[in-house]
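Everything on this sheet refers to the single structure shown next.
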Amino acid sequence: MTQVLRLWRKKRFEIQENKRLSQEIELQAYLTRLILEDRERQVEAVRSSLSMNGESNTNTPPEINEKIASIETFSDNCMGEMNNLFSVVDERRRRREVPDFLCGKISFEILRDPVVTPSGITYERKDIEDHLMRVGHFDPITRVALTSDQLIPNYVMKEVVDAFVSENEWALDY
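Numbered according to my numbering, the sequence shown terminates at residue 174, and the numbering increases by one at each position without gaps.
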């Protein structure tokens, strides 16, 4: 039963992850299109101002060519910065998954306040205390007698979880 619950949570997170990825890709395509449309609009405005002054397109003054070149350079710089930003995001786009050892054995959520039992199994404090109060005074995995005063804070696991969460802030939504 617990394995089915864990698989369901992973599947739900995977669906959310695929949706997020497709939204990021759509956003990048949309921004690219906006930059290119703005570039074309600005170049066309410069060319139309040239035709309004009675100049022919064959004798384009150098300052107009420079203006068009600066518009294209600016647009290329914007496109480059956007692509650099999305390449950083691409690093984070790789499959994201919370390792099982960072999740509680009862709720299957990321450990926030991990405690270890005398048998060496780490649980989320509120989950194991709820188990002890509602089900009985025994370890849910080993079935060994257990009381809440035997629970010891697992500071090492807390540091591991905190390090993982600080590097992977998305994990808070897991």
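Beta carbons are placed, not taken as given, at the ideal position from N, Cα and C, and that holds for glycine.
According to the neighbour-count rule (16 or more other Cβ atoms, all chains shown, within 10 Å of its Cβ), is residue i buried or exposed?
i: Phe108; result: buried
i: Val161; result: buried
i: Leu146; result: buried
i: Ile15; result: exposed
i: Leu172; result: exposed
i: Leu111; result: buried
i: Thr73; result: exposed
i: Tyr30; result: exposed
i: Asp139; result: buried
i: Glu124; result: buried
Excluding the five sequence neighbours on either side, which residues of its own chain have a C-beta within less than 6 Å of the C-beta of residue i, listed in chain order?
i: Gln42; result: Ile71
i: Ile141; result: Ile121
i: Phe86; result: Gln28
7 Å is my cut-off, CB to CB: does residue i come that close to chain B?
i: Met133; result: This model lacks chain B altogether; it includes just one protein chain.
Which residue from the options puts its Cα closest to that of residue i?
i: Asp113; options: Gln23, Arg12, Val89 and Ile152; result: Ile152
i: Arg39; options: Asp76, Val144 and Leu132; result: Asp76
i: Ile64; options: Leu85, Arg143, Asn83 and Glu44; result: Glu44
i: Val115; options: Glu97, Tyr155 and Val88; result: Tyr155
i: Asp100; options: Asp130, Phe86 and Met157; result: Met157
i: Val165; options: Thr117, Ser148 and Glu97; result: Glu97
i: Leu34; options: Leu7, Met79 and Tyr123; result: Met79
i: Glu24; options: Ser49, Met52 and Asn83; result: Asn83
i: Met133; options: Val144, Arg143, Ser119 and Ser148; result: Ser148
If I measure Cβ to Cβ from residue i and keep anything under 7 Å in the same chain, skipping five residues before and after, which residues do I get?
i: Asp127; result: Gly104, Ile106 and Ser107
i: Ile68; result: Val43 and Val46
i: Glu66; result: none
What residues in its chain sit with their C-beta under 8 Å from that of residue i, if we drop five residues either side in the sequence?
i: Leu5; result: Phe108
### Message
To test your reading of the DSSP string, which unbroken alpha helix (DSSP H) runs of 4 or more residues are found completely within the region 100-135?
### Response
125-134
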